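Asks: Numbering (our numbering), first residue to last: 160 to 395. The structure is given below, and queries will be raised subsequently.
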Amino acid sequence: MTLKFWNGPNTSGSTASGFELRRRDMVERQIRRRGIRDERVLEAMLKVPRHAFVPPKLAELAYDDKPLPIGAAETISQPYIVAVMTEAAQIHAGDKALEVGAGSGYQAAILSFLGAKVIAIERNAGLAAAAQERLIHLSVANVSVLAGDGSEGYAPEAPYDVILVTAAAPAIPSPLLDQLAEGGRMVIPIGGLREQELALVSKTAGQVSTRGLVSCQFVPLIGKAAWAEETLPIEK
Ligand code: SAM
160 MTLKFWNGPN TSGSTASGFE LRRRDMVERQ IRRRGIRDER VLEAMLKVPR
210 HAFVPPKLAE LAYDDKPLPI GAAETISQPY IVAVMTEAAQ IHAGDKALEV
260 GAGSGYQAAI LSFLGAKVIA IERNAGLAAA AQERLIHLSV ANVSVLAGDG
310 SEGYAPEAPY DVILVTAAAP AIPSPLLDQL AEGGRMVIPI GGLREQELAL
360 VSKTAGQVST RGLVSCQFVP LIGKAAWAEE TLPIEK
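See below:
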């Protein structure tokens with residue numbers, strides 16, 4: 160996939176090559192040094208321009224070791240967590256992937272770079288539309304962004320070789336487990352509202368196994384098969 164350089168407003172003053180240098184530094188210090196070994200994942204993180212997925216005024220911070228706001232009180236995940244999830248999912252070219260929590264579209268672009276066909280669902284319709292537009296603008300192929308409740312998956316395109324859930328659930332949503340293909344991998348943060356464990360869920364010969372990866376902090380997965388919005392504490 161050839162990614163065009165993002166042509167949106169650049170209020171940061173940084174040049175394309177300046178961003179490239181920072182991306183290289185991000186991959187070496189934040190990702191490879193912390194144990195990510197899959198060269199294809201490292202290459203995807205090196206090539207996909209994270210600064211194009213954050214609001215222009217935050218472009219300067221795009222390669223910092225942290226999540227960033229993307230509007231609508233939501234965030235783009237920390238680069239290291241994106242790398243952990245992507246490596247654990249073991250993407251092969253031609254895999255069909257479901258991403259729940261499309262946000263900015265960055266994780267979906269990483270999956271596309273690795274050759275997956277991606278259905279990405281986002282609860283916030285404005286973020287979903289902006290993510291789809293951004294991905295088209297960047298010439299990212301094979302990603303469809305849909306607005307809706309991804310805790311129920313997306314049955315018309317099931318089963319999925321890979322399901323990545325980028326918001327935290329109290330338990331594995333059963334519709335997602337049902338929509339995972341035989342031999343499929345799901346990566347999902349499971350736990351409470353403040354802290355979770357990233358879990359790798361595998362389905363082999365009808366048996367489901369779960370392995371913990373790292374502790375993490377994601378925003379809640381709000382939906383029918385996850386947290387009910389009315390039960391969540393009001394953010395001040
Ligand atoms: N993966 C995203 C990226 O690359 O920018 C970041 C995801 S952000 C940490 C979590 C997203 O999950 C938020 O945009 C939020 O609106 C979304 N979300 C929460 N509950 C959802 C649901 N039931 N279905 C779809 N999206 C949901």
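We treat Cβ as the ideally placed atom computed from N, Cα and C, and that holds for glycine. On a predicted model such as this, the values are computed, not experimentally measured, just so you know.
Please tell me whether, using a cut-off of 7 Å, the distance from the CB of Glu233 to the nearest non-hydrogen atom of ligand 1 is below it.
Replies: Residue numbering aside, residue 233 sits at position 74 when the sequence shown is read from its first letter. Checking the Cβ of Glu233 against ligand 1 gives yes.
Asks: In the structure shown, what three-state DSSP assignment does Phe164 receive?
Replies: Start at 1 with the first residue of the sequence shown, and residue 164 comes out as number 5. With a pLDDT of only 44 at Phe164, under 50, the local geometry of the prediction cannot be trusted, and no value is derived from it.
Asks: Hey, quick one: how far does the alpha helix (DSSP H) through Pro334 stretch, first residue to last?
Replies: Here residue 334 refers to the residue found at position 175 of the sequence shown. Run containing Pro334: Ser333 to Asp337, per the alpha helix (DSSP H) assignment.
Asks: Have a look at Val346, Lys362, Thr363 and Gly365 and flag the residue whose alpha-carbon is nearest the alpha-carbon of Glu356.
Replies: By 1-based counting over the sequence shown, the position of residue 356 is 197. Checking every option, the nearest Cα to that of Glu356 belongs to Val346.
Asks: Judging by CA-CA distance, which residue of Ile280, Ser236, Ala252 and Gln237 is the nearest neighbour of Ala314?
Replies: Numbered from 1 along the sequence shown, position 155 holds the residue referred to as residue 314. Nearest of Ile280, Ser236, Ala252 and Gln237 to Ala314, Cα basis: Ile280.
Asks: Which one of Asp224, Asn301 and Lys362 has the shortest CA to CA distance from Ala252?
Replies: Translated into the one-based positions of the sequence shown, residue 252 becomes position 93. Considering only alpha carbons, the answer is Asn301.
Asks: What residues are listed by DSSP as bridge partners for Pro379?
Replies: Translated into positions along the sequence shown, residue 379 becomes position 220. In DSSP, Pro379 forms a bridge with Ala327.
Asks: When you compare the CB of Ala175 with every CB in chain B, is at least one pair closer than 8 Å?
Replies: The structure shown has no chain B; it contains just one protein chain.
Asks: Confirm, please, whether the CB-CB distance from Gly343 to Tyr319 is below 8 Å.
Replies: The count along the sequence shown starts at 1 and reaches residue 319 at position 160. The count along the sequence shown starts at 1 and reaches residue 343 at position 184. Contact flag set, yes.
Asks: Compute the distance between the beta-carbons of Lys216 and Asp308, then report whether it is under 8 Å.
Replies: Within the sequence shown, the letter at position 57 stands for residue 216. Within the sequence shown, the letter at position 149 stands for residue 308. Cβ atoms of Lys216 and Asp308: not closer than 8 Å.
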